Every structure is written in structure tokens, then in C-alpha cells.
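Engineer:
There are 2 protein chains.
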Amino acid sequence: MRVLVPFDGRTPCSRLAPVLDSEERRALATRLRDDVLDAVRAAGGRPELLATEPVDVGVSVTVDDRSLSAAVNAALTGEPTAVVMADLALATPRALSRLFTASGDVVIAPGRGGGTNALVVRHPDFRVDYHGASCRDHRRRAHEVGATLRELDSHRLATDIDEPGDLAELLLHSDGRAARWLRDAGFQLSTGDGRVAVERHP
Amino acid sequence: MRVLVPFDGRTPCSRLAPVLDSEERRALATRLRDDVLDAVRAAGGRPELLATEPVDVGVSVTVDDRSLSAAVNAALTGEPTAVVMADLALATPRALSRLFTASGDVVIAPGRGGGTNALVVRHPDFRVDYHGASCRDHRRRAHEVGATLRELDSHRLATDIDEPGDLAELLLHSDGRAARWLRDAGFQLSTGDGRVAVERHP
Chain Y
888 MRVLVPFDGR
898 TPCSRLAPVL
908 DSEERRALAT
918 RLRDDVLDAV
928 RAAGGRPELL
938 ATEPVDVGVS
948 VTVDDRSLSA
958 AVNAALTGEP
968 TAVVMADLAL
978 ATPRALSRLF
988 TASGDVVIAP
998 GRGGGTNALV
1008 VRHPDFRVDY
1018 HGASCRDHRR
1028 RAHEVGATLR
1038 ELDSHRLATD
1048 IDEPGDLAEL
1058 LLHSDGRAAR
1068 WLRDAGFQLS
1078 TGDGRVAVER
1088 HP
Chain V
888 MRVLVPFDGR
898 TPCSRLAPVL
908 DSEERRALAT
918 RLRDDVLDAV
928 RAAGGRPELL
938 ATEPVDVGVS
948 VTVDDRSLSA
958 AVNAALTGEP
968 TAVVMADLAL
978 ATPRALSRLF
988 TASGDVVIAP
998 GRGGGTNALV
1008 VRHPDFRVDY
1018 HGASCRDHRR
1028 RAHEVGATLR
1038 ELDSHRLATD
1048 IDEPGDLAEL
1058 LLHSDGRAAR
1068 WLRDAGFQLS
1078 TGDGRVAVER
1088 HP
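Line by line, the protein sequences give chains Y and V.
Under this note's numbering, the first residue of the first sequence is numbered 888, with each subsequent residue one higher.
Under this note's numbering, the first residue of the second sequence is numbered 888, with each subsequent residue one higher.
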């Protein structure tokens, strides 16, 4: 399946600013992206990067510096297409296979906090809108255009690496490039009374 | 399948104290629990409440006021048993069916933050330890006793209603008792730049 992977090369991982400086955020973002590209290929997908600026990563790259929604909609050509965010570092080939093979004109993998971390579009009239609680909006849009909808229940696809709390998920559930980079940067799990967090020992 | 549902009737949902007073936390907790019991039954499970104090909910109740781990281990009798936390308000019959039917001597559904929100035990020597990053510890323990391990990838089972940020998940993905109670209490989604949050309008 054709798989668009949107990647913001300008200000990636901006909400990690409390724990990583801008050069570190860029370093982490490229590793997150490369982990995702690997998993897409291992799941049998054909990744295409949809980037805000030119980048050399060994896959087809379309440069489009408009908003995420405008760029994705312009790239939907009618061919069945998956859209997988570049920061889904927990995405395994197995989780992506479930996504690619799920039936439905539109398949949504909701992200934590109401986003749409991954989806499959097989209906010609469906368009994305990533603003706000997009998983809710995408449900409604699928209904409006008469598309059958399936929601995929996956913690791995629900977990984008967006906020500092997400880094614990990376250390708990991945051994990819991004997780190794994070460990090398001194991050480790910190267990207390509630959920596990991360702490840094440079 | 036999399904233990541990329920803390003394100080439930204590980490929601920033947004709910103690009477409200108790009201929400009973609705979370009843939603979980409904979903377990709809998935073909036979729920048994494992409670810190006597409670009348129409299912078999074992009262054990020791720690969660001690109480669960005492209730593991050798019969294949699932343990499903009482605050998994997004748990659907479908998600629980995936859990109950997954193969493996031990099946773990990790929670956000490294917990073990749900598991199935089919090995006589496996014991739980819910302290800290328990999903990691449970992986190791399964290996130590020679049990085959399966991890279940589910956002619905990964989402326990533990911290204020989790309330958005409840409003986004559930229409059960707990979600309705939360809406009636004035909570609604608040969309901004990042993840969706909740705000209260009493």
C-alpha cells in the first residue's frame, strides 16, 4: 500500500522543548522518522515522505510547505493511501499490518488526545482535517461522504512522541533508533507512585 | 473466562483530586467500575470483584484489603484468569475479547506509563507485581517461569482513567456511564494547538 509519511523538518517535536534543545529535537525527529519508515517497509508498505523541505532519506519525497491537512489532501490521488505520522516510534510492522489490512473505506487509528495518528483512505471523496479533535471530525466526515468507517484500537499507533511524558513510552516499548538515541542522551525511566516518567542523567 | 476486577473503594481515582472532589471521585469510580463489569460480561467473561471493602454490585465479591499485588496473587487459583482494572472505561467487549482469546501463558495489555492494565494468566507459577513499571517486570517474570508471553496492543486497554488528561479520552471514546456522568458534571472537550484537554463549566 502507498503510505504517506508527513514530516515537519522545520520545527519538529516542538512540544519537547522543556526537555530537549532545538538541535536535540531535530536529531530525535529524524530517528523517529527513520524508525517509522523502516516499520512501514517491513509491513509491506511503500513509504513516500511528505516533507516541508527537501530531505534525503532514500524514499520518494514530495515537498509541500503548506499546512499538514492541505499537503495530505493534495497528495490523496484516489489510490488507496495510508497516512502515518513520522513520530509514531512505537509502530511495529505488526501494528501497521493491522492498519493496512483493516477493512473499511476509511480506517482511523486515533491518537492520544483526539488526534488521528494513522489512517487509510480508500474513498475518493474523503478529505482530512487535522485541526483539533481530528479523530472525531474524521468520523463525521467519513459518515458525510458515505464511507464505511473502521477504528483501529492500537496503543502503539495511539502513541505519538509529542510531549515529555511520551518519552517514557519510547523507553518502555521500543528499541529502535529513537529509543537508543534517547538512552544515549542520558534519559532513563523514573518509577514513582503513579505512571513511569523519564529523568535525564547527562 | 474468570475475570478479576480489582476495585479500591477507599480512595478511588485519587490522582484526579486536582479536578474532582472526593465525593465526585467516588461517584466517577463506581461508574467506571460498572462500565468495566458490563464490558466484561458482554465479552463473555465472568467478572469477580476484588474489593478493599464490601460492596453490592450484583457480582461475586472478594474483600481483601491488602496491597493490589497481594490480593491478586491470593486470588490466582490455577484456573486461567484475567485481571482487568476497574478504571478501564474505554474497554469495549471487542477489546476484551481480543484479550481473552489471545494465545500465550501470559498475555499483557500495557497501560500508558508502564502499568499492566489488563492481563491473562494461564501459567501456575506466574505472580503479579504492580509496583513501578509493571509491564516490564511482568515480561521478565513470564520469562523467568518459562511462560509464553503475548503483548496485546490496545489503546482502549492502555487507557486507565488515572490523571486529569485521561478524562479527554473518556469524552472522546466512550458513551458509557462514566462519560455521561462526566458530561453531566460540566466537563467538555477543549481543543487548542496540541492534544485535546477537558474544561469544566459548572
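Idealized CB from N, CA, C, for every residue including glycine.
Bear in mind the structure is a predicted one, so any value in this text is a computation, not a measurement.
Work out the CA separation of V993 (chain Y) and V1007 (chain Y) for me, nearest whole Å.
Structural biologist: Numbered from 1 along the first sequence, position 120 holds the residue referred to as residue 1007 (chain Y). Numbered from 1 along the first sequence, position 106 holds the residue referred to as residue 993 (chain Y). Roughly 6 Å between the two C-alpha positions.
Engineer: Please determine whether the Cβ atom of A996 (chain Y) lies at a distance below 7 Å from any heavy atom of the ligand FAD.
Structural biologist: Absence of the ligand FAD from the depicted structure is noted, as is the absence of any ligand whatsoever, leaving it without description.
Engineer: Measuring CB atoms only, is the region 894-901 of chain V touching the region 938-950 of chain V, in the sense that at least three cross pairs come out at less than 8 Å?
Structural biologist: As far as the Cβ criterion goes, the region 894-901 of chain V touches the region 938-950 of chain V, which means the pair count is three or higher.
Engineer: Using the beta-carbon count (16 or more within 10 Å), is T1046 (chain Y) buried or exposed?
Structural biologist: Counting from 1 along the first sequence, the entry for residue 1046 (chain Y) is found at position 159. Result: buried.
Engineer: List the residues of chain V that S1041 (chain Y) touches, going by C-beta distances under 8 Å, in chain order.
Structural biologist: Position 154 of the first sequence, counted from the first residue, corresponds to residue 1041 (chain Y). Here the neighbours are D1040, S1041, H1042.
Engineer: Along the chain, which unbroken stretches of the beta strand (DSSP E) at least 3 residues long are found entirely within the region 1007-1055 of chain Y?
Structural biologist: With a minimum length of 3 residues, the continuous beta strand (DSSP E) runs that stay inside the region 1007-1055 of chain Y are 1036-1038.
Engineer: Is it buried or exposed for E966 (chain Y), if we count other Cβ within 10 angstroms and need 16 for buried?
Structural biologist: What you label residue 966 (chain Y) is simply residue 79 of the first sequence in a count that begins at 1. That one is exposed.
Engineer: Does any CB atom of chain Y fall closer than 8 Å to the CB of V1083 (chain V)?
Structural biologist: The residue you call residue 1083 (chain V) lines up with position 196 of the second sequence. Chain Y contact via Cβ: present.
Engineer: Give the residues of chain Y in contact with P997 (chain V), contact being defined as C-beta atoms less than 8 Å apart.
Structural biologist: Taking the second sequence and counting its residues from 1, one reaches residue 997 (chain V) at position 110. What P997 (chain V) touches in chain Y: H1042, L1059, H1060.
Engineer: At least one CB of chain V closer than 8 Å to the CB of G931 (chain Y): is that the case?
Structural biologist: Your numbering for residue 931 (chain Y) matches position 44 in the first sequence. Not an interface residue.
Engineer: Closest to D1012 (chain V) by CA distance: which of V:T968, V:F987, V:A926, V:V1083 is it?
Structural biologist: Start at 1 with the first residue of the second sequence, and residue 1012 (chain V) comes out as number 125. With distances taken between Cα atoms, D1012 (chain V) lies closest to V:T968.
Engineer: Comparing alpha-carbon positions, which option in V:A916, V:L907, V:A938, V:T898 lies nearest R1064 (chain V)?
Structural biologist: Within the second sequence, the letter at position 177 stands for residue 1064 (chain V). That would be V:A916, whose Cα lies nearest to the Cα of R1064 (chain V).
Engineer: To which residues of the same chain is R913 (chain V) closer than 7 Å at the C-beta, ignoring the five residues directly before and after it?
Structural biologist: Translated into positions along the second sequence, residue 913 (chain V) becomes position 26. Here the set comprises P899.
Engineer: Just curious, the alpha helix (DSSP H) that A1066 (chain V) is in, first and last residue?
Structural biologist: Taking the first residue of the second sequence as position 1, residue 1066 (chain V) is located at position 179. Note, A1066 (chain V): alpha helix (DSSP H), 1064-1071.
Engineer: For G1002 (chain V), count neighbouring C-beta atoms within 10 Å of its own C-beta (all shown protein chains included) and say buried if the count is 16 or more, exposed if not.
Structural biologist: Numbered from 1 along the second sequence, position 115 holds the residue referred to as residue 1002 (chain V). It counts as buried.
Engineer: Can you find the residues in the same chain that come closer than 7 Å, C-beta to C-beta, to H1010 (chain V), ignoring five residues on each side of it along the sequence?
Structural biologist: Walking along the second sequence from the start, residue 1010 (chain V) turns up at place 123. So the qualifying residues of the chain are D992, V993, V1032, A1034.
Engineer: Can you name the start and end residues of the beta strand (DSSP E) that P893 (chain V) belongs to?
Structural biologist: Here residue 893 (chain V) refers to the residue found at position 6 when the second sequence is read from its first residue. 889-894 is the extent of the beta strand (DSSP E) around P893 (chain V).
Engineer: Closest Cβ-Cβ distance between C1022 (chain Y) and chain V: below 8 Å?
Structural biologist: Residue numbering aside, residue 1022 (chain Y) sits at position 135 when the first sequence is read from its first letter. So yes, C1022 (chain Y) belongs to the interface.
Engineer: For chain V, find out if any of its Cβ atoms is closer than 8 Å to the Cβ of R1014 (chain Y); answer yes or no.
Structural biologist: By one-based count along the first sequence, residue 1014 (chain Y) stands at place 127. No, R1014 (chain Y) lies away from the interface with chain V (no Cβ there is under 8 Å from its Cβ).
Engineer: Skipping 5 residues on each side, what residues in its chain have a beta carbon closer than 7 Å to that of D922 (chain Y)?
Structural biologist: Within the first sequence, numbered from 1, the residue matching residue 922 (chain Y) stands at position 35. Result list for D922 (chain Y): A976, G1063, R1064, A1065, in chain order.
Engineer: Who are the neighbours of G1000 (chain V) on chain C, taking C-beta pairs under 9 Å?
Structural biologist: Considering every chain present, this structure includes no chain C. Its protein chains are Y and V.
Engineer: Grouping DSSP H, G and I as helix and E and B as strand, with all else coil, what is S947 (chain Y)?
Structural biologist: The count along the first sequence starts at 1 and reaches residue 947 (chain Y) at position 60. The answer is strand: DSSP assigns S947 (chain Y) an E or B state.
Engineer: Taking Cβ-Cβ distances below 7 Å as the criterion, which residues of the region 967-993 of chain Y are in contact with chain V?
Structural biologist: Answer set for the region 967-993 of chain Y: A982.
Engineer: Below 8 Å, can you find three or more Cβ-Cβ pairs linking the region 978-993 of chain Y to the region 923-933 of chain Y?
Structural biologist: The answer is yes - the region 923-933 of chain Y touches the region 978-993 of chain Y, with three or more Cβ pairs under 8 Å.
Engineer: Classify E1038 (chain Y) as buried or exposed, calling it buried when 16 or more other Cβ atoms lie within 10 Å of its own Cβ.
Structural biologist: Along the first sequence, one-based indexing puts residue 1038 (chain Y) at 151. The residue in question, E1038 (chain Y), is buried, as its Cβ has 16 or more Cβ neighbours within 10 Å.
Engineer: Look at the Cβ atom of L902 (chain V), then the Cβ atom of D1049 (chain V), and state whether they are nearer than 8 Å.
Structural biologist: The sequence position of residue 902 (chain V) within the second sequence is 15, counting from 1. The sequence position of residue 1049 (chain V) within the second sequence is 162, counting from 1. One detail in the question is off: residue 902 (chain V) reads as Arg in this sequence, not Leu. In this structure, D1049 (chain V) lies closer than 8 Å to R902 (chain V) by Cβ.
Engineer: Taking only beta-carbon positions, decide if T1078 (chain Y) is within less than 8 Å of chain V.
Structural biologist: Position 191 of the first sequence, counting from 1, holds the residue named residue 1078 (chain Y). For T1078 (chain Y), the answer is yes, since a Cβ of chain V falls inside 8 Å of its Cβ.
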